[in-house]
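Notes follow the structure.
There are 2 protein chains.
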Amino acid sequence: MTARRVVATGTFDILHPGHLFYLEESRKLGDELIVIVARDINVKHKPRPVIPEEHRLRMVAALKPVDRAVLGDKSDMFRPIEELMPDVITIGFNQMFDETKLAGQLRARNLTPEIIRIGRCPDGDLCSSRLVVQRIIDKRSHDQHHPAPQT
Amino acid sequence: MTARRVVATGTFDILHPGHLFYLEESRKLGDELIVIVARDINVKHKPRPVIPEEHRLRMVAALKPVDRAVLGDKSDMFRPIEELMPDVITIGFNQMFDETKLAGQLRARNLTPEIIRIGRCPDGDLCSSRLVVQRIIDKRSHDQHHPAPQT
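Order-wise, the sequence lines are chains A and B.
93 is the number of the first residue of the first sequence in the working numbering; add one for each residue after it.
93 is the number of the first residue of the second sequence in the working numbering; add one for each residue after it.
Listed below in structure tokens is the structure:
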């Protein structure tokens, strides 16, 4: 019996409990979890990452549920999937993939992994990079206008 | 022979490669690493954390070099150290402890761990929460004034 390989993907800009939940749940679906971390130049559907790709890669690789992390391909998002040959591909609850379309694109390359969408993490506002960034901006802007008394 | 226990401490607000470097280097100094994560109310020497303590705790505990993470004591920073009885306490390169003063405070409680300051992480600007937060604010403020073209 061979190990059941799970592949997860994402930008993982500023690590938060939502990322951890997605990776922990992904890891439970198989025997090993490999994560494809998006290249800086390929993040186009949302603001560019704050943290450069090499650092994002290193932080994801340091998380316990992750067996290995790799950077995505600059021009062909399916190339690392062809190389990794996963049994399962997981999608985060707010990732904008259409499962049916994705399955078709993979089948065109003779790839037939199971595609599983992971549910929403139970921690609400802290499970979204966008909301964490907004929280930082709101909080620090408040701090600048209401500095703590010097003690 | 008993395991050599290392204790590291910090706020770990927005995880970055500097935290990882500090924890990896700390782990190398013994057989197990326990991390004391600062309580929200005890962070007074810098802006309050953006991420609540329970989430900071969970993220630190998820990092590979960390065997266990615990929250600090709300009123007595030395209490968890008395409970954990570390052989080594590590200090981050920019943590504002005076090693001699700290050694004296610990000795007053019959604690005599080795105190080791970990060097600066080699990744410059991305190894400081303050600089990462500044980078987020600068970048997002630039994005708001120079939005990417809609494609």
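Ideal Cβ positions, reconstructed from N, Cα and C, are used throughout, including at glycine.
For V129 of chain B, no CB of chain A lies under 9 Å from its own CB, so it is not counted at the interface with that chain. V225 of chain B carries a helical assignment under DSSP once its states are collapsed to helix, strand and coil. At a cut-off of 9 Å between beta-carbon atoms, P139 of chain A makes contact with chain B. In this structure, the CA atom of D105 of chain A is about 9 Å from the CA atom of R140 of chain A. G184 of chain A and A130 of chain A do not touch by the CB rule: their CB atoms are close to 12 Å apart, not below 8 Å. In the DSSP assignment, T94 of chain B falls outside any beta strand (DSSP E), carrying neither H nor E. Using a CB distance cut-off of 9 Å, V142 of chain A counts as an interface residue toward chain B.
With respect to the 9 Å criterion, P157 of chain B and R97 of chain B are not classified as neighbours on the basis of their beta carbons. Between M188 of chain A and H137 of chain A, the beta carbon gap of about 7 Å places them in contact (Cβ cut-off 8 Å). Against chain B, a Cβ distance below 8 Å from R150 of chain A picks out P109 and L112.
Counting only the Cα atoms, V99 of chain A lies some 13 Å from V152 of chain A. In the DSSP assignment, the residues bridged to E124 of chain A are A:R97.
When the beta-carbon positions are compared, H147 of chain A and V224 of chain A stay at least 9 Å from each other. V135 of chain B and K231 of chain A do not touch by the CB rule: their CB atoms are close to 13 Å apart, not below 8 Å.
Of B:E145, B:A195, B:P172 and B:I126, the smallest CA-CA separation from T103 of chain B is found for B:E145. By the neighbour-count definition (other C-beta atoms within 10 Å, threshold 16), T94 of chain A is an exposed residue. About 6 Å separates the Cβ atoms of P205 of chain A and D179 of chain A, confirming a contact at the 8 Å cut-off.
Distance check between I173 of chain A and each of A:G122, A:E191 and A:L198 places A:L198 closest, using alpha-carbon atoms only. Counted as a single uninterrupted DSSP element, the alpha helix (DSSP H) harbouring R148 of chain B occupies residues E145 to A153.
For T192 of chain A, the enclosing alpha helix (DSSP H) stretches over residues E191 to R199. According to DSSP, residue pairing for R209 of chain A in a beta bridge involves A:I183. Along the region 162-192 of chain A, there is no position whose C-beta sits under 8 Å from a C-beta of chain B. R232 of chain A sits in a helix when the DSSP states are folded into three classes. At least one CB of chain B lies nearer than 9 Å to the CB of A154 of chain A. Membership of L163 of chain A in the beta strand (DSSP E) is indicated by the continuous run R160 to L163. R150 of chain B sits away from E124 of chain B, with the two beta carbons spaced by 9 Å or more. Under DSSP, G102 of chain B forms a beta bridge with B:V129. The Cβ neighbour count for A154 of chain B, taken over all protein chains shown within 10 Å, is at least 16; the residue is labelled buried.
Cβ neighbours of L194 of chain B within its own chain (closer than 7 Å, five residues either side excluded): I207. K120 of chain B is outside the set of residues whose beta carbon lies under 9 Å from a beta carbon in chain A.
One finds I228 and R232 in chain A with Cβ atoms closer than 8 Å to the Cβ of V225 of chain B, taken in chain order.
If you check the CB distance, I210 of chain A and E117 of chain A come in under 9 Å.
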